[in-house]
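Plus 1465 on top of the position in the sequence shown (first one is 1) and you've got the working numbering. Even glycine gets a Cβ: it sits at the ideal position worked out from N, Cα and C. For reference, the structure is listed below as structure tokens.
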Amino acid sequence: YFILNIIMLKYVLMDSTTATAELGWTIYPSLGWEEVSGYDEKMNTIRTYQVCNVFNANQNNWVRTKYIQRRGAQRIHVEMKFSVRDCNSIPNVTGSCKETFNLYYFESDKDVATKVYPAWMENPWIKVDTIAADESFSQVDLGGRVMKINTEVRSFGPVSRKGFYLAFQDYGACMSLIAVKVFFRKCPRVIRNGAIFEETLSGAESTSLVSARGSCVPNGEEVDVPIKLYCNGDGEWLVPIGRCVCKAGYESVDNGTVCRGEFCFLLFSF
């Protein structure tokens, strides 16, 4: 398939960096994750979660977001910005030190979470992935005020309930969860091959192709096969099938986006 060069639409469901007060996410146990004021890569003040129990073995620390409505999305994308301490830079650390964490989600038709529900474990939580840092930071980096922030994006689906929660599980890292953005994608409204295609939600899987039926621009008509366009899982349109042409008496202008009437100019002699 060929992909049309059109910017995909991103609809944000939750962005932790926009919080003007405490995020107030739920933590378990109480001596695990801690909400603190931190800084992003531009040194703007933001609310973050951090944990660093690397000297104690058998860590199992969870932090759960508030309820997030999916707003019709079938596939959810999660962008995480975080920093992880290099275990080798921590003196006298045990072999239990980690440099990864886990991402989970839990679907629900309403906000039903409590301090003990859903249970803090895989199943009922569904694991998305183990997240590893591309870069870790050492004490020298902090002393020089050099921030090494990792950005990772993961997606999951299909989702069918009205909303969901995300959870992040630490099992022995020294890290800071700096920002979490949750979003879904749509293919934007476009005019291609003389037809109009409205905004279309991307499919439930990364490989999904969602068929969208086009309608001819005013004063246009279909030829060949019925015109359609496919929206892929990343919110990108693929090359259309079929086409519309302008009706008799009209001409195609502006790259096929308009059928303009042809005017006849008559010369009268007196």
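Assign asparagine 1658 to buried or exposed, taking buried as 16 or more other Cβ atoms, counted over all protein chains shown, within 10 Å of its Cβ. buried
Just checking my contact of glutamate 1687 with cysteine 1709 at CB under 8 Å: how many whole Å lie between their CB atoms? 5 Å
Beta carbon of glutamine 1524, beta carbon of lysine 1563: below 9 Å? yes
Comparing alpha-carbon positions, which option in Trp1498, Gly1628 and Ser1502 lies nearest alanine 1484? Ser1502
Residue environment, serine 1548, which counts as buried when at least 16 other CB atoms sit within 10 Å: buried
For a minimum of 4 consecutive residues, which ranges assigned as the alpha helix (DSSP H) are wholly contained in the stretch 1575-1661? 1604-1608
Taking the alpha carbon of isoleucine 1643 as the point to measure from, which residue in Thr1510, Ser1495 and Gly1497 has its own alpha carbon closest? The shortest Cα separation from isoleucine 1643 among Thr1510, Ser1495 and Gly1497 belongs to Thr1510.
Cα separation between alanine 1598 and glycine 1707? 46 Å
Return the CA-CA distance between histidine 1542 and isoleucine 1533, expressed in angstroms with no decimal places. 12 Å
Helix, strand or coil at cysteine 1562 [DSSP, three-state]: coil
Contact the stretch 1613-1629 vs the stretch 1570-1579: 3+ CB pairs below 8 Å: yes
Residues sharing a beta bridge with asparagine 1697, DSSP: Leu1674
Express the C-alpha separation of methionine 1473 and tyrosine 1569 in angstroms, rounding to a whole number. 26 Å
Bridge partner(s) assigned by DSSP for valine 1723: Val1718
By the 10 Å Cβ neighbour count, where 16 or more other Cβ atoms means buried, how is phenylalanine 1520 classified, buried or exposed? exposed
Just reading off the beta strand (DSSP E) that valine 1682 is part of, what are its end residues? From DSSP, valine 1682 is part of no beta strand (DSSP E); its letter is neither H nor E.
Answer yes or no: do glutamate 1487 and glutamate 1500 have a C-beta to C-beta separation smaller than 9 Å? yes
Going by the beta-carbon positions, is the gap between glutamate 1664 and valine 1618 smaller than 9 Å? no
Taking just the CA atoms, how far does glycine 1622 sit from isoleucine 1591? 11 Å
Identify whether threonine 1665 lies in helix, strand or coil by the three-state DSSP scheme. Threonine 1665 falls in the strand class under three-state DSSP.
Considering only DSSP beta bridges, list what methionine 1545 is partnered with. Glu1617 and Val1645
For serine 1573, which of helix, strand or coil comes out of DSSP? It is a strand residue.
With a Cβ-Cβ cutoff of 9 Å, do alanine 1638 and threonine 1530 count as a contact? no
Measuring alpha carbon to alpha carbon, tell me which residue in Arg1725, Tyr1582, Arg1512 and Asp1480 is nearest proline 1683. Closest by C-alpha distance to proline 1683, out of Arg1725, Tyr1582, Arg1512 and Asp1480, is Arg1725.
Per-residue burial, lysine 1712 [other beta carbons within 10 Å of its own, 16 or more giving buried]: exposed
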